[in-house]
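Residue numbers (the numbering used here): 739 to 903.
Heads up, the beta-carbon is just placed ideally off N, CA and C, and yes, glycines get one too.
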């Protein structure tokens, strides 16, 4: 605001710069994510964001301990303990002995967790297909390449790379 209480519009200046446009568009993407996120299903709802992400990682890497999840996500153990406890209460994960014989117990995705993850992922992809319906296959492929590069650079800077299928 200026001294008279009027808002100063800095958006025009930032929109002229590509980084400003990326910031603005990623803000809108967060706002619009409800358009292509899974909706509540009659058969028990949908996964919350943290469960969707944790289950996706466990599905890709196999059983993981709290320590491994801490390293993978850069989150503190207490946060992951709360999240995994909630997932255990709802039957999404099981706690098992380390298959490699280690001391730490690990979390494995349950059949119910895999089912819910697959169902949410299918709904999520259907929503994305609706959004991208008018795009050419080449535009979708190019967007996917840039998005993977963008995410990869974030992961590199944070030091927490995400495995790719």
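Contacts around residue i, its chain only, beta-carbon distance under 6 Å, and the 5 residues preceding and following it disregarded
| i | result |
| --- | --- |
| residue 807 | 818 |
| residue 788 | 821 |
| residue 900 | 893 |
| residue 779 | Its pLDDT being 48, under 50, residue 779 is placed unreliably by the model, and the measurement read from it follows with that caveat. Cβ neighbours of residue 779 beyond the five flanking positions: none. |
| residue 876 | none |
Residue span of the alpha helix (DSSP H) that contains residue i, given as start and end
| i | result |
| --- | --- |
| residue 868 | 849-869 |
| residue 833 | Run containing residue 833: none in the alpha helix (DSSP H); it sits in the beta strand (DSSP E), 831-834. |
| residue 874 | No alpha helix (DSSP H) holds residue 874; DSSP gives it neither H nor E. |
| residue 799 | 787-799 |
| residue 826 | 815-827 |
| residue 809 | 804-811 |
| residue 841 | Segment: none, residue 841 is in no alpha helix (DSSP H) and carries neither H nor E. |
Buried/exposed call for residue i, threshold 16 Cβ in 10 Å
| i | result |
| --- | --- |
| residue 844 | buried |
| residue 835 | exposed |
| residue 897 | exposed |
| residue 891 | exposed |
| residue 851 | buried |
Integer Cβ distance of residue i from residue j, believed to fall under 8 Å
| i | j | result |
| --- | --- | --- |
| residue 832 | residue 848 | 5 Å |
| residue 854 | residue 785 | 6 Å |
| residue 842 | residue 805 | 6 Å |
| residue 870 | residue 878 | 5 Å |
| residue 792 | residue 825 | 7 Å |
Where the beta strand (DSSP E) containing residue i begins and where it ends
| i | result |
| --- | --- |
| residue 902 | Premise fails: residue 902 is in no beta strand (DSSP E) and is neither H nor E. |
Residues of its chain near residue i, where Cβ-Cβ distance is below 8 Å and the 5 sequence neighbours each way are ignored
| i | result |
| --- | --- |
| residue 802 | 795, 796, 810, 844, 845 |
| residue 858 | 776, 784, 785, 790 |
| residue 829 | 848, 850, 851 |
| residue 814 | 808 |
Cutoff 7 Å; reference residue i; Cβ partners in own chain excluding five residues on either side
| i | result |
| --- | --- |
| residue 770 | none |
| residue 839 | none |
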